[in-house]
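Quick note: the sequence shown uses the working numbering, first residue 1319, plus one each step.
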Amino acid sequence: MPKHILSGLKYLAVIELRKLAFSTYDVAEILKMDRSTVSHYIHNRNISSNSIEVAKVILDLCPQDSLKMIYSLCQDKHLTFTILKHCLNNPKITIKNTCIGCGVCVDSCIMDALEIINLNSKVNLDCCCGCLLCSENCPTNSIEILEVE
Ligand code: SF4
Ligand code: SF4
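Written out as structure tokens, the structure is:
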């Protein structure tokens, strides 16, 4: 069953990537899939409606639960991030100047989106999915995350 759920998530990501005009080849590369499967998904073949419905339920969870669920299904950070990035709204994350550079947020981030530079936390937005794990663990409440439509 987990494999079918992951297929549903990949299907939804394929559809979103195609809306952005990525080629079948590029979609296959990005999602680490073979091209024939991508082609099937583009034409709504070889995917069950149940898998798609379950995948939609996972993506409707809060970003943190979606992240944990998808990562537990695939054990692949890049794939987890790619699915979340293309199926959810992009987050906007700000680190306030109250940051003390303790590094707790860096250890909290499953996506490796944070690092400490000159005793301040810096985020790589290309890797952030807005899961809020970092802000919930920050001892100085220095991390603000907004969802961007
Ligand atoms: S957990 Fe908070 S205070 Fe610590 S480095 Fe991260 S943003 Fe700064
Ligand atoms: S919200 Fe924070 S913990 Fe989550 S991916 Fe972004 S930087 Fe990492």
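Ideal placement from N, C-alpha and C gives every residue a C-beta, glycine not left out.
Check	Outcome
Identify the continuous beta strand (DSSP E) that holds I1411 and give its terminal residues.	N1408 to I1413
Pull up the distance between the alpha-carbon of N1436 and that of G1419, whole angstroms please.	8 Å
By the three-class DSSP mapping on this structure, what secondary structure does L1397 have?	helix
Which of the three DSSP states, helix, strand or coil, is assigned to K1440?	strand
Just to confirm, are L1349 and A1373 a CB contact at a threshold of 8 Å?	no
Going by beta carbon distance, what residues of the same chain come within less than 6 Å of N1438, once the five residues before and after it are set aside?	C1417 and G1419
Cβ of C1447 versus every heavy atom of ligand 2: is any distance shorter than 7 Å?	yes
Contact defined as beta carbons within less than 8 Å: I believe L1402 pairs with C1447. What is the distance between those atoms, to the nearest angstrom?	4 Å
With DSSP as the reference, please indicate the residues paired to I1435 in a beta bridge.	N1438
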